[in-house]
Every structure is written in structure tokens, then in C-alpha cells.
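*Asks:* Numbering (our numbering), first residue to last: 45 to 403. Glycine included, every Cβ here is placed at the ideal spot set by N, Cα and C. Fair warning: this is a prediction, and the values are worked out from it, not measured in the lab. Dumping the structure here so I can ask a few things about it.
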Amino acid sequence: MIRLEPKGQSSRALAYLSPLLAVALTVCTGAVLFAALGKPAGPALYAYFIQPFTTLYGVSELGVKATPLILIGLGLAIGFRANVWNIGAEGQLTLGAVTGGAVALAFYDVDTPFLLPAMLLAGILGGMGWAAIPAFLRVRFNANEILVSLMLTYVGLLLLSFLVYGPLRDPDGFNFPESRLFHSAATVPTLVEGTRLHWGFAFALLAAVAAWLFLSRAILGFQLKVLGGAPRAARFAGYREPRLVWFSLMLSGGLAGLAGVLEVAGTVGQLTPSISPGYGFTAIIVAFLGRLHPVGVVLGGLTMALTYIGGETAQIEIGLPAAVTGLFQGVLLFYLLACDVLINYRIRLGRRTVGGEAG
Numbered sequence: 045m046i047r048l049e050p051k052g053q054s055s056r057a058l059a060y061l062s063p064l065l066a067v068a069l070t071v072c073t074g075a076v077l078f079a080a081l082g083k084p085a086g087p088a089l090y091a092y093f094i095q096p097f098t099t100l101y102g103v104s105e106l107g108v109k110a111t112p113l114i115l116i117g118l119g120l121a122i123g124f125r126a127n128v129w130n131i132g133a134e135g136q137l138t139l140g141a142v143t144g145g146a147v148a149l150a151f152y153d154v155d156t157p158f159l160l161p162a163m164l165l166a167g168i169l170g171g172m173g174w175a176a177i178p179a180f181l182r183v184r185f186n187a188n189e190i191l192v193s194l195m196l197t198y199v200g201l202l203l204l205s206f207l208v209y210g211p212l213r214d215p216d217g218f219n220f221p222e223s224r225l226f227h228s229a230a231t232v233p234t235l236v237e238g239t240r241l242h243w244g245f246a247f248a249l250l251a252a253v254a255a256w257l258f259l260s261r262a263i264l265g266f267q268l269k270v271l272g273g274a275p276r277a278a279r280f281a282g283y284r285e286p287r288l289v290w291f292s293l294m295l296s297g298g299l300a301g302l303a304g305v306l307e308v309a310g311t312v313g314q315l316t317p318s319i320s321p322g323y324g325f326t327a328i329i330v331a332f333l334g335r336l337h338p339v340g341v342v343l344g345g346l347t348m349a350l351t352y353i354g355g356e357t358a359q360i361e362i363g364l365p366a367a368v369t370g371l372f373q374g375v376l377l378f379y380l381l382a383c384d385v386l387i388n389y390r391i392r393l394g395r396r397t398v399g400g401e402a403g
């Protein structure tokens with residue numbers, strides 16, 4: 045039989061190298077998949093992984109796609125360090141977009157520089173409010189935050205659909221399910237003229253710096269790491285677990301809500317039935333690809349953004365199906381988990397005897 049045995053001490057260097065190995069294995073698997081689809085592996089890999097970097101538009105779109113992934117990934121990474129598993133960031137992103145967009149539509153005829161900050165604040169509060177539900181249920185009733193936050197995602201998506209088909213629908217939009225276009229005071233300014241790259245990317249990088257300082261310098265950040273690594277020690281030291289759970293979920297929910305309002309105010313420009321292609325779920329891969337470290341999350345966000353941009357480029361250039369993006373993300377997650385297992389466990393072959401010795 046085949047069984048896994050935990051290693052006494054795992055290599056820290058291998059832990060940081062495993063994401064690179066997972067990416068390399070994903071590329072190799074991609075070549076095989078392209079060949080199976082009848083596409084030349086060389087041109088397909090070039091279109092997917094290299095061509096987006098050859099134009100200013102491609103590089104700027106990389107930043108656009110990476111912005112929500114980095115913001116959400118940072119919040120999730122901090123929570124995961126404390127063993128608080130927020131899987132519903134997609135729903136919190138949706139609520140952030142709804143609340144921020146609602147502010148923009150409520151003051152549609154008001155041209156003021158305070159409108160955009162009010163939208164960003166509303167988006168953060170919307171994401172935090174949605175994350176407060178699993179936080180309350182976890183602390184009060186010991187409910188599993190994984191299931192609660194995940195199920196709330198679909199409630200949030202249905203709420204968005206109801207609003208754009210009903211109360212927030214554009215009265216002059218010929219009955220299409222979308223809101224009015226936000227005016228200039230309600231949109232995020234661009235960083236690079238002629239592209240869609242906006243100041244949200246700068247916010248994401250600043251958030252990464254703040255997260256690094258928080259985890260490395262703040263007492264609360266240390267408490268979160270202790271809670272995740274040694275829960276019994278955290279309780280013995282008097283750390284209040286409910287407060288840390290609330291903080292983790294509020295932080296991740298707020299960052300997801302900020303990502304949502306930046307998405308509608310920076311790239312989409314209105315509320316539509318579909319705001320995100322799954323950034324909230326992809327950000328889970330980003331957090332683990334980055335080893336739950338802020339710098340790693342930035343690199344992981346850029347890597348996963350490349351899967352979106354590369355997938356779109358490959359569709360246009362060589363006619364690959366749209367599902368190839370999700371396929372690459374799934375393969376990358378599989379290899380990442382496999383590498384992590386092999387780092388922490390060793391494979392044993394043979395039969396286990398009655399006395400516990402392998403045959």
C-alpha cells in the first residue's frame with residue numbers, strides 16, 4: 045500500500061521554491077494539453093505566457109487584473125495565518141461593488157471630489173458587513189465560516205442580479221440589466237494614459253506594504269500568527285480568539301469590498317449582472333501561491349492575472365477555448381498542493397503489519 049508519513053522537519057527553502065516548481069510543472073502540462081487540442085505547443089505557450097508582455101496594453105491589463113487579486117489575497121492570507129478560512133470573498137467583492145455603486149447612483153447628478161472617497165468607503169463597509177455574518181456565527185455559535193461565507197457568495201450574486209434588473213436598472217437603458225454609467229467624479233483616474241490601468245493598482249501595492257508592516261511589526265499581527273500556528277499557546281497567553289476572528293474576517297471582507305468597488309469604478313464603469321470572473325475564488329490560490337506573505341501575494345496576483353490575460357490572448361491568436369483559463373488555474377492549484385504535500389510528507393510503499401511495521 046501507499047501511505048504518507050509526516051516528516052520531522054520540513055525545508056523552509058523548499059516551501060518557498062514549491063510555487064516556482066508548481067508554475068514550471070503547469071507550463072509543461074500546458075504544452076501537453078495544447079498538443080492534445082491540436083495546437084502547436086510553442087506558439088500556444090508564447091501567446092499565453094509571453095505575448096501579453098510585448099505591448100503596453102498587455103502589461104497594463106496585467107495590472108488591472110492583478111489589482112483585485114492582490115487586494116483580496118492580502119486579506120485572505122492574513123486570515124489564513126490565523127486559521128480563519130474566509131472562502132466567500134467573491135460575495136464580499138460583490139457587496140462592495142453594490143454598496144459603492146449605489147452611492148455613485150444616489151449622487152448621480154452631484155459633481156464633487158468627495159464622491160469617489162465616499163464610494164470607496166461604502167465599498168469597504170459593504171464587504172465588511174457581508175463578512176460580519178460568518179464572523180458572528182463563528183464566534184456566537186461556532187458555525188463553520190467556510191460554509192457560511194461560501195453560501196453567502198451566491199446570496200450576494202442574486203442580490204446584485206435583483207438590483208440591476210430592478211431598482212438600480214438604467215431607466216434609459218432600453219431594459220438591459222445594467223445601471224447607469226458612472227460619471228467622471230465617480231470613476232477611478234487612470235495611471236497610464238490610453239490604458240485601463242487605474243490608481244487601484246497603486247492602492248493594492250500600498251496595501252501589500254501595510255500588510256507586511258502589520259504582520260512583522262504589529263502586536264495584533266503577531267497574535268494572529270500565534271493563533272494559527274499554536275492555538276493552545278495563544279489561549280494560554282490570554283489572546284482573545286473571538287476578537288482575532290472578528291478582525292480577520294472584517295479585514296478580508298473590507299479588502300474584498302474595496303476590490304469590488306474599484307472594479308466597477310475603475311474598469312466596468314457601471315453595475316452589471318456579472319462584475320467578477322471569479323476573482324474572490326482565484327485569490328485563494330493567490331494567497332497560497334504567495335506562501336501567505338504580502339510580497340508573495342503580489343507576485344502570486346500577477347501570476348494569476350497572467351492566466352486571465354494569456355487565456356484571452358490565446359483565444360484570439362490561436363483559437364483556444366475560453367475554458368483554458370480555468371483549466372490552467374486548476375492545474376496550478378493541483379501542482380501547488382501536490383508540492384506542499386511532498387514537502388511535509390514522505391511516501392512509503394509496502395504493507396503495514398499488525399505490529400505497525402512496514403512489510
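#1: Starting from Tyr389, trace the beta strand (DSSP E) both ways and give me its first and last residue.
#2: Classify Glu49 as helix, strand or coil using the three-state DSSP reduction.
#3: Output the distance between the C-alpha atoms of Pro112 and Leu393, rounded to the nearest integer angstrom.
#4: Return the chain-ordered list of same chain residues with a C-beta closer than 8 Å to the C-beta of Leu181, the five sequence neighbours on each side being excluded.
#5: With a threshold of 7 Å on Cβ separation, who are the neighbours of Leu268 within its own chain once the five nearest residues in sequence on each side are excluded?
#6: Going by the CB atoms, is the gap between Thr326 and Val223 shorter than 9 Å?
#7: Closest to Gly135 by C-alpha separation, out of Ala248, Ala79, Thr197 and Ala150, would be which residue?
#8: Exposed or buried, what is Leu100 when buried is set at 16 or more other beta-carbons lying within 10 Å of its beta-carbon?
#9: Which class does Glu401 belong to by DSSP, given the choice of helix, strand or coil?
#10: Note down, in chain order, each residue of its chain lying with its Cβ closer than 6 Å to the Cβ of Val368, except the 5 sequence neighbours on either side.
#11: Among residues of its own chain, excluding the 5 on either side of Leu203, which ones have a beta-carbon nearer than 8 Å to its beta-carbon?
#12: Around the C-beta of Ala366, are 16 or more other C-beta atoms found within 10 angstroms, so that it is buried, or is it exposed?
#13: Would you decide whether Tyr60 is buried or exposed? Buried here means 16 or more other CB atoms lie within 10 Å of its CB.
#14: When we look at the beta-carbon of Gln53 and count the other beta-carbons within 10 Å, is it buried (16 or more) or exposed?
#15: Between which two residues does the alpha helix (DSSP H) containing Arg287 stretch?
#16: Assuming Phe151 and Leu159 form a contact by the criterion Cβ under 8 Å, report the distance between their Cβ atoms to the nearest whole angstrom.
#17: Give the straight-line distance between the Cα atoms of Gly345 and Ala278, rounded to the nearest whole angstrom.
#18: Quick check on the burial criterion: 16 or more other C-beta atoms within 10 angstroms. Buried or exposed for Ala80?
#19: Please determine, among Ser62, Thr70 and Phe280, the residue with the shortest C-alpha to C-alpha distance to Gln373.
#20: Hey, could you find the ends of the alpha helix (DSSP H) Gln359 is sitting in?
#21: Using the rule of at least 16 other Cβ atoms within 10 Å of the residue's Cβ for burial, across every protein chain shown, is Ile46 buried or exposed?
#22: So, at 6 Å on beta carbons, what are the nonlocal neighbours of Gly310 in its own chain, with the 5 sequence-adjacent residues on each side left out?
#23: Can you give the Cα-Cα distance for Leu65 and Ser55, rounded to whole angstroms?
#24: I'd like to know whether the C-beta atoms of Val183 and Pro286 end up nearer to each other than 9 Å.
#25: Work out the CA separation of Val330 and Ala381 for me, nearest whole Å.
#26: Since I believe Phe226 is in contact with Gln314 (beta carbons under 8 Å), could you give me their beta-carbon distance rounded to a whole number of angstroms?
#27: Flag this pair as yes or no: are the beta carbons of Leu106 and Ile387 separated by less than 9 Å?
#28: Among all the DSSP beta bridges, which residues are the ones paired with His242?
#29: What's the gap between the Cα of Glu401 and the Cα of Gly102?
#30: At the level of alpha carbons, what is the spacing between Leu155 and Ala229?
#31: Among residues of its own chain, excluding the 5 on either side of Leu212, which ones have a beta-carbon nearer than 8 Å to its beta-carbon?
#32: Going by alpha carbons, who is nearest to Ala254 out of Leu377, Gly282 and Val341?
#33: Just how far apart, CA to CA, sit Val208 and Trp256?
*Replies:* According to the data block:
#1: Against the sequence shown, residue 389 aligns to sequence position 345. From DSSP, the beta strand (DSSP E) with Tyr389 extends over Tyr389 to Leu393.
#2: Counting from 1 along the sequence shown, the entry for residue 49 is found at position 5. Strand at Glu49.
#3: The residue given as residue 112 occupies position 68 in the sequence shown. The residue given as residue 393 occupies position 349 in the sequence shown. So the two alpha carbons sit approximately 44 Å from each other.
#4: For the purposes of this step, residue 181 is taken as residue 137 along the sequence shown, with counting starting at 1. Closer than 8 Å at the Cβ level, and outside the excluded window around Leu181, lie Ala187, Glu189 and Val192.
#5: Indexing the sequence shown from 1 puts residue 268 at position 224. The answer, listed in chain order, is Ile122, Arg125, Ala126, Leu288 and Ser292.
#6: Residue 223 sits at position 179 when you count from the first residue of the sequence shown. Residue 326 sits at position 282 when you count from the first residue of the sequence shown. Looking at the sequence provided, one finds Ser at residue 223 rather than Val. Going by C-beta atoms, Ser223 is not nearer than 9 Å to Thr326.
#7: Residue 135 sits at position 91 when you count from the first residue of the sequence shown. That would be Thr197, whose Cα lies nearest to the Cα of Gly135.
#8: Sequence index remark: in the sequence shown, residue 100 carries index 56 (1-based). Leu100 should be labelled exposed.
#9: The sequence position of residue 401 within the sequence shown is 357, counting from 1. At Glu401, the pLDDT of 49 sits below 50, so the modelled position is not reliable; the number obtained from the coordinates is stated separately. Coil.
#10: Start at 1 with the first residue of the sequence shown, and residue 368 comes out as number 324. Closer than 6 Å at Cβ, skipping near neighbours: Gly355.
#11: Within the sequence shown, the letter at position 159 stands for residue 203. Thr138, Leu139 and Val142.
#12: As a position in the sequence shown, residue 366 is number 322, starting the count at 1. By the 10 Å Cβ count, Ala366 comes out exposed.
#13: Walking along the sequence shown from the start, residue 60 turns up at place 16. Classification for Tyr60: exposed.
#14: The residue labelled residue 53 in the question sits at position 9 within the sequence shown. Label assigned to Gln53: exposed.
#15: Mapped onto the sequence shown, residue 287 falls at position 243. Glu285 to Glu307 is the extent of the alpha helix (DSSP H) around Arg287.
#16: The residue labelled residue 151 in the question sits at position 107 within the sequence shown. The residue labelled residue 159 in the question sits at position 115 within the sequence shown. Rounded, the Cβ-Cβ distance is 6 Å, consistent with contact.
#17: Mapped onto the sequence shown, residue 345 falls at position 301. Mapped onto the sequence shown, residue 278 falls at position 234. Cα to Cα, Gly345 sits roughly 31 Å from Ala278.
#18: Along the sequence shown, one-based indexing puts residue 80 at 36. With fewer than 16 other Cβ atoms within 10 Å, it is exposed.
#19: Position 329 of the sequence shown, counting from 1, holds the residue named residue 373. Per the Cα distances, Thr70.
#20: Here residue 359 refers to the residue found at position 315 of the sequence shown. Element bounds for Gln359: Pro338 to Ile362.
#21: Position 2 of the sequence shown, counted from the start, is the residue given in the question as residue 46. Counting Cβ neighbours within 10 Å, Ile46 comes out exposed, since fewer than 16 surround it.
#22: Working through the sequence shown from its first residue, we reach residue 310 at position 266. Closer than 6 Å at Cβ, skipping near neighbours: Val232, His242 and Gly244.
#23: The count along the sequence shown starts at 1 and reaches residue 65 at position 21. The count along the sequence shown starts at 1 and reaches residue 55 at position 11. The straight-line gap from Cα to Cα measures roughly 15 Å.
#24: Walking along the sequence shown from the start, residue 183 turns up at place 139. Walking along the sequence shown from the start, residue 286 turns up at place 242. For Val183 and Pro286, yes; Cβs fall inside 9 Å.
#25: As a working note, residue 381 is residue 337 in the sequence shown. As a working note, residue 330 is residue 286 in the sequence shown. Per the sequence shown, residue 381 should be read as Leu rather than Ala. Cα to Cα, the separation comes out at about 13 Å.
#26: Your numbering for residue 314 matches position 270 in the sequence shown. Your numbering for residue 226 matches position 182 in the sequence shown. Right, their Cβ atoms sit about 6 Å apart.
#27: On the sequence shown, residue 106 is found 62 positions in, with the first residue counted as 1. On the sequence shown, residue 387 is found 343 positions in, with the first residue counted as 1. Against a cut-off of 9 Å, the Cβ pair of Ile387 and Leu106 comes out as no contact.
#28: On the sequence shown, residue 242 is found 198 positions in, with the first residue counted as 1. For His242, which the question treats as bridged, DSSP gives the partners Thr234.
#29: Reading the sequence shown from its first residue, position 357 is the one you call residue 401. Reading the sequence shown from its first residue, position 58 is the one you call residue 102. Note that Glu401 has pLDDT 49, beneath the 50 cutoff, so the model's placement of it is unreliable and no number is given.
#30: Position 111 of the sequence shown holds residue 155. Position 185 of the sequence shown holds residue 229. In the sequence under discussion, the amino acid at residue 155 is Asp, which differs from the Leu named in the question. The alpha-carbon atoms of Asp155 and Ala229 are separated by roughly 6 Å.
#31: For the purposes of this step, residue 212 is taken as the residue at position 168 of the sequence shown. Answer for Leu212: Gly145, Ala146, Leu149, Ser223 and Leu315, listed in chain order.
#32: If you number the sequence shown from 1, residue 254 lands on position 210. Taking only the C-alpha atoms, the option nearest Ala254 is Val341.
#33: As a working mapping, residue 208 is identified with position 164 in the sequence shown. As a working mapping, residue 256 is identified with position 212 in the sequence shown. Computed Cα separation, rounded: 38 Å.
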